[in-house]
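K.L.:
Dropping the structure in here first, questions after.
Numbering (this note's numbering), first residue to last: -7 to 384.
Structure representation (structure tokens):
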């Protein structure tokens, strides 16, 4: 039997979402109109509350896992204790609104809902369950393969973005992210690459830059961009799902690893995976001839096993990628090529945009830093400053 001290460490107060608070009625206009001349006195009496819990109704005492204090995961407010005699470990393959597909250790897929307490915990996330999550779930019907997700395990390797001031975890528990872009149709967007590189480093994921559709352009035109990122230590792959160029290298990168494929619509993420593993038969569509933009053929992220080993998450196309939990002062630290010059600026709080004697701006003027990368930094910094002021 656990000691009192051990039991105390497993008890914690969890905060629930704001919609768990009952709205207090301050006036009742119907009674006011029907009341006599003493209505004002009656209303004063009815406004008094003897059980004024207020925000206390949003807190609840829960049992956390025994080693919860040793776990540091800012995305989870608490790691709940569950009865492991009736629960099984599993991994989330996909999320569809109120239910998720969870695969157990034997390979069977269950259709699971989420425990109510998990859904009502106060978090900064849009959804408490993400693709790739390792969970503990309780089967409730073996015949129909249905269950309930009771706990989310601590996450590692997170790719996320900000949507309307809340965190959207695109995928969890991956080792690397393939930042896929296209050489043409749709055109290459280096600024989106820079944003995703920041998100990857923030989530402690190894980024690999994949430039698809090189059969549509002269590969020599891409060498300045490839050389720029390669000098900073990023792996860059030139690929063509149409001709098969570079697919062997991509297969070696994916083999026996947990990966996520991300990029804007129409760059050929699903086409690359189909070329690597034809049995997947993922849905694809050509780029719109009118807008020159991709069509959303992949509607939800899904964890897929590969025939040559490893797992990959195919994600819907991204048209906007707003960084999550990146303060404006942090942005420059994610630009590897800027780091040798940051400490040489005259002012310690230099933003590298308008200050005098800025080593970063001088390096750009002298050609030691790429001008396009500096413009990308300024755009990202301006976007983070605007987001911070908007959500504050």
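A virtual CB, placed ideally from N, CA and C, is assigned to each residue, including glycine.
Alpha carbon to alpha carbon, what distance is there between residue 140 and residue 73?
P.N.:
Straight-line Cα distance between these residues: approximately 14 Å.
K.L.:
Flag this pair as yes or no: are the beta carbons of residue 336 and residue 357 separated by less than 7 Å?
P.N.:
No, the pair does not count as a contact, with Cβ atoms beyond the cut-off.
K.L.:
At 3 residues or longer, and completely inside the region 222 to 266: list those beta strand (DSSP E) runs for me, N to C.
P.N.:
The region 222 to 266 contains these whole beta strand (DSSP E) runs: 227 to 230, 250 to 254.
K.L.:
Pop quiz: residue 257 and residue 274 are said to be a contact at Cβ under 8 Å. What is the actual Cβ separation, rounded to whole angstroms?
P.N.:
That pair is no contact at about 14 Å.
K.L.:
Using only CA atoms, which one of 331, 142, 259 lies nearest to residue 78?
P.N.:
The residue with the shortest Cα to Cα distance from residue 78 is 142.
K.L.:
Please classify residue 344 as buried or exposed, where buried requires at least 16 other C-beta atoms within 10 Å of its C-beta.
P.N.:
So residue 344 ends up on the buried side.
K.L.:
In terms of DSSP beta bridges, what is residue 306 paired with?
P.N.:
According to DSSP, residue 306 bridges with 253, 294.
K.L.:
By alpha-carbon positions, which one of 297, 296, 291, 298 ends up nearest to residue 309?
P.N.:
Checked all of 297, 296, 291, 298; the closest Cα to residue 309 is 291.
K.L.:
Throw me the rounded Cβ distance for the residue 8 and residue 51 pair, which I believe falls under 8 Å.
P.N.:
With 8 Å as the limit, residue 8 and residue 51 qualify as a contact, their Cβ atoms being about 7 Å apart.
K.L.:
With a CB to CB cut of under 8 Å and the five nearest residues on each side skipped, what residues in its chain are close to residue 248?
P.N.:
Excluding residues within five positions, the ones whose Cβ falls inside 8 Å are 301, 302.
K.L.:
Where residue 174 and residue 296 are concerned, what is the direct C-alpha to C-alpha distance, given to the nearest angstrom?
P.N.:
Going from the Cα of residue 174 to the Cα of residue 296 covers about 23 Å.
K.L.:
Can the beta-carbon of residue 203 be found less than 7 Å from the beta-carbon of residue 230?
P.N.:
Their beta carbons are under 7 Å apart, which means residue 203 touches residue 230 by this criterion.
K.L.:
By the three-class DSSP mapping on this structure, what secondary structure does residue 133 have?
P.N.:
Note: residue 133 maps to strand in three-state DSSP.
K.L.:
Does residue 376 pass the burial test, meaning 16 or more other C-beta atoms within 10 Å, or should it be called exposed?
P.N.:
The residue in question, residue 376, is buried, as its Cβ has 16 or more Cβ neighbours within 10 Å.
K.L.:
Tell me whether the region 123 to 136 and the region 326 to 340 touch, counting them as touching only if at least three CB pairs, one residue from each stretch, are closer than 8 Å.
P.N.:
No, because fewer than three Cβ pairs between the region 123 to 136 and the region 326 to 340 fall closer than 8 Å, the two stretches do not touch.
K.L.:
Can residue 207 and residue 235 be called in contact, C-beta distance under 7 Å?
P.N.:
Yes.
K.L.:
Provide the residue(s) that pair with residue 204 in DSSP beta bridges, ordered along the chain.
P.N.:
Bridge partners of residue 204: 174.
K.L.:
Is the beta carbon of residue 149 closer than 7 Å to that of residue 172?
P.N.:
Not in contact: residue 172 and residue 149 (Cβ atoms no closer than 7 Å).
K.L.:
State the Cα-Cα distance for the pair residue 423 and residue 94, rounded to the nearest angstrom.
P.N.:
With the chain running from -7 to 384 in the structure shown, residue 423 is simply not present.
K.L.:
According to DSSP, is residue 110 part of a helix, a strand, or is it coil?
P.N.:
Here residue 110 sits in helix by DSSP.
K.L.:
Please return the same chain residues whose Cβ sits closer than 7 Å to the Cβ of residue 3, not counting the five positions on each side in sequence.
P.N.:
53, 55, listed in sequence order.
K.L.:
Comparing alpha-carbon positions, which option in 246, 196, 355 lies nearest residue 298?
P.N.:
For residue 298, the nearest C-alpha among the options comes from 246.
K.L.:
With H, G and I counted as helix, E and B as strand and the rest as coil, what does DSSP make of residue 215?
P.N.:
Note: residue 215 maps to helix in three-state DSSP.
K.L.:
DSSP on residue 35, reduced to helix/strand/coil?
P.N.:
Caution is warranted here: a pLDDT of 46 is assigned to residue 35, below 50, making its placement in the model unreliable, and no coordinate value can be reported.
K.L.:
Since residue 88 sits in a beta bridge, which residues does DSSP pair it with?
P.N.:
According to DSSP, which records beta bridges pairwise, residue 88 is partnered with 91.
K.L.:
Assuming the contact rule is C-beta atoms closer than 8 Å, residue 178 and residue 259 should be a hit. Round their C-beta distance to whole Å, please.
P.N.:
So it is a contact: roughly 7 Å between Cβ atoms.
K.L.:
Report the three-state DSSP secondary structure of residue 139 (helix, strand or coil).
P.N.:
In this structure, residue 139 counts as strand in the three-state DSSP scheme.
K.L.:
Put residue 42 into one of helix, strand or coil per three-state DSSP.
P.N.:
Model confidence at residue 42 stands at a pLDDT of 46, short of 50, so the residue's coordinates are unreliable; what they give is reported in the following sentence. Note: residue 42 maps to coil in three-state DSSP.
K.L.:
Could you give the distance in angstroms between the alpha-carbon of residue 198 and the alpha-carbon of residue 65?
P.N.:
Looking at the two C-alpha atoms, the distance is approximately 19 Å.
K.L.:
Going by Cα to Cα distance, which pick from 90, 158, 311, 57 is closest to residue 75?
P.N.:
It is 57.
K.L.:
Alpha carbon to alpha carbon, what distance is there between residue 264 and residue 223?
P.N.:
Approximately 26 Å, taken between the alpha carbons.
K.L.:
If the criterion is Cβ atoms closer than 7 Å, does the pair residue 90 and residue 190 meet it?
P.N.:
In this structure, residue 190 does not lie closer than 7 Å to residue 90 by Cβ.
K.L.:
Pull up the distance between the alpha-carbon of residue 112 and that of residue 120, whole angstroms please.
P.N.:
Rounded to the nearest angstrom, the two C-alpha atoms are 9 Å apart.
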